[in-house]
Structure formats: C-alpha cells, structure tokens
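For the sequence shown, the positions run 2 to 232 when my numbering is used.
Beta carbons are placed, not taken as given, at the ideal position from N, Cα and C, and that holds for glycine.
From a predicted model like this one, the values you see are computed outputs, not experimental measurements.
Below: the structure, in structure tokens.
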Amino acid sequence: MASISVAAPEYRERLDSASSPAITGSKPLTRRLRQQLWAKSGHALLSLDGQPRLLLDFAHDHGVPLSANIAASPASLAHVLGEGFGRIVFQALPAERFETLARHQFHQPLRPILWQIAQHGGDWQDLDHRLFRHARIRLLRWPDFRLLAHQHDGFRLCSLLLKRACSVDECQQLLDLDAATVLAFVRSAYLCGYAMVETPDAVVADAPASRPAITGSLLARMWRSLRSKTA
Numbered sequence: 002m003a004s005i006s007v008a009a010p011e012y013r014e015r016l017d018s019a020s021s022p023a024i025t026g027s028k029p030l031t032r033r034l035r036q037q038l039w040a041k042s043g044h045a046l047l048s049l050d051g052q053p054r055l056l057l058d059f060a061h062d063h064g065v066p067l068s069a070n071i072a073a074s075p076a077s078l079a080h081v082l083g084e085g086f087g088r089i090v091f092q093a094l095p096a097e098r099f100e101t102l103a104r105h106q107f108h109q110p111l112r113p114i115l116w117q118i119a120q121h122g123g124d125w126q127d128l129d130h131r132l133f134r135h136a137r138i139r140l141l142r143w144p145d146f147r148l149l150a151h152q153h154d155g156f157r158l159c160s161l162l163l164k165r166a167c168s169v170d171e172c173q174q175l176l177d178l179d180a181a182t183v184l185a186f187v188r189s190a191y192l193c194g195y196a197m198v199e200t201p202d203a204v205v206a207d208a209p210a211s212r213p214a215i216t217g218s219l220l221a222r223m224w225r226s227l228r229s230k231t232a
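What follows is the structure, given as structure tokens:
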C-alpha cells in the first residue's frame, strides 16, 4: 500500500494545524493511552523527535504506522517508540483528520503494538517505583491471545492475577519467576489497559478475609509439574 512520507510538506502542514493540546512524558502519556483504550473512542497521532510515527484509532483498536522505513515491521516500530517512550508526543485528532491521514495506509491491531512498545521501553521509573513499594497488580480481563503467543509465563501470570491481586514479589514466589519477567509483563498489561496497580492500603481494605492462603512453593511446584507434562 502507499505510504505517506513524513517529509511531505502538505502532510506536515496538516499536522501543524491541529489545535488539540499535545501530551508528552511517560506518565501522562501512559495515563492518556489507558483512558482512551478504556473509552474505546477517539483518534490520535504519536510523534517522536518531530517525526509522525503512528496514528491511533481507539474505537477500532487500530494502529497505522506512518514512517515508510518501519511500516512493514511492527516490531521495528515498537522498538523505536519504546526506546523513545518518554519523548513521544501524543496529539488528539478529529475523526475527519484521522481518516484523511490514514487513507490508503496499512492498519494493524493497536494493542499488540502498544504491548511491544512497553517491552522495549526503559522509561518506567514511576510504575516500577510503585511496584517495588509492594503495590499489587490486578488483571481486569484476559489480554488478546495474540499478545501471549508462545509466552508460557504470560499465561501463568494471567491465570494468577485474574484470581487475585499480587505484588511483584508474590508473583515471583508463587510462580517461580524472576523479577524481570514479571515487570515486563506488568508494564505491557498496564499500558494496554488490562491491569490496575493497587496501593497496599487499598489492597488490604479490599482483600476478602476468607480467601485461603496458597504457599509459593506449592504453586510453583504445580506449575513446574504442568510444564513438564506439556513439554
């Protein structure tokens, strides 16, 4: 399909004329993306270092790459945006402007792109700070199964976090995983709007008193047993 060059003067003119305030910074950007994904409405443009990179259609869960050299590879696009996540500029777009810019472009599923962006990004200090202070992660629903393809540990984390909210330490202990694996999953699930992070006080107030305790070693042994049977 045809691809719009980011250097085209007429394309830059259309972008510059947008009147909506821009959002930048990893925390505000993450918050806005989560809000739009939950609302399932609106359109936006992500730019990096002055270059338009990705159009977002939240109603249809579509992403439209705009840079010709990365449009054919969602992984390359995710790597570029992930590495520069804190510098991304989010610009809301009216529906008619989105349609004009996205016409004749290749539409891709949006959440897989966002999931991979979080995997590559290193600008997660605020979220990681909350997690290392024993905040707990609660999964709201199963992610798109395309996101978990060939990720056995991701399925295990989903199964656990749909049943109960857990801290990173608890995920490690209950599933016998390393911190890096848990953090990578949580960052992606959080950015895509699949997960919530609860403060310890809120978790204590909300925790059912009658829930039976599950020892980490027992659950870890169960998962190892299931893994060996399916190998």
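Buried versus exposed call for residue i [16 or more other C-beta atoms within 10 Å across all chains shown]
i: S189; result: buried
i: D179; result: exposed
i: T31; result: buried
i: P53; result: buried
i: S27; result: buried
i: P292; result: The structure shown has nothing for residue 292, since the chain only spans 2 to 232.
i: G51; result: exposed
i: Q37; result: buried
i: P22; result: exposed
i: F146; result: exposed
i: Q126; result: exposed
i: R157; result: buried
i: P29; result: exposed
i: V205; result: Note that V205 scores a pLDDT of 42, beneath 50, so its modelled location is shaky and nothing firm can be said.
i: P66; result: buried
i: A119; result: buried
i: H40; result: Here residue 40 turns out to be Ala, not His, going by the sequence shown. By the neighbour-count rule (16 or more Cβ atoms within 10 Å), A40 is not buried but exposed.
i: P201; result: exposed
i: P104; result: Sequence inspection shows Arg at residue 104; the Pro mentioned does not correspond to that position. By the neighbour-count rule (16 or more Cβ atoms within 10 Å), R104 is not buried but exposed.
Counterpart residues of residue i in DSSP-defined beta bridges
i: L49; result: Q52, I89
i: Q109; result: G64
i: I138; result: C167, V198
i: H44; result: D58, L94
i: A23; result: Q92
Expected contact under 8 Å - CB spacing of residue i and residue j to nearest Å
i: Y191; j: L115; result: With a Cβ gap of about 10 Å, Y191 and L115 do not count as contacting.
i: G85; j: L55; result: Rounded, the Cβ-Cβ distance is 12 Å, inconsistent with contact.
i: M197; j: L141; result: 6 Å
i: G87; j: D124; result: 4 Å
i: V183; j: C172; result: 5 Å
i: R33; j: I24; result: 5 Å
i: H63; j: Q109; result: 7 Å
i: Q117; j: A181; result: Not confirmed; about 16 Å, so no contact.
i: V187; j: L111; result: In fact, because the Cβ distance is near 19 Å, the residues do not count as touching under 8 Å.
Q. How about the stretch 88 to 103 and the stretch 141 to 154: do they share at least three Cβ pairs that are nearer than 8 Å?
A. no
Q: Kindly confirm or deny that the stretch 130 to 142 and the stretch 164 to 175 touch, where touching means at least three C-beta pairs closer than 8 Å.
A: yes
Q: Flag this pair as touching only if the stretch 39 to 46 and the stretch 75 to 84 have three or more C-beta atom pairs under 8 Å; answer yes or no.
A: no
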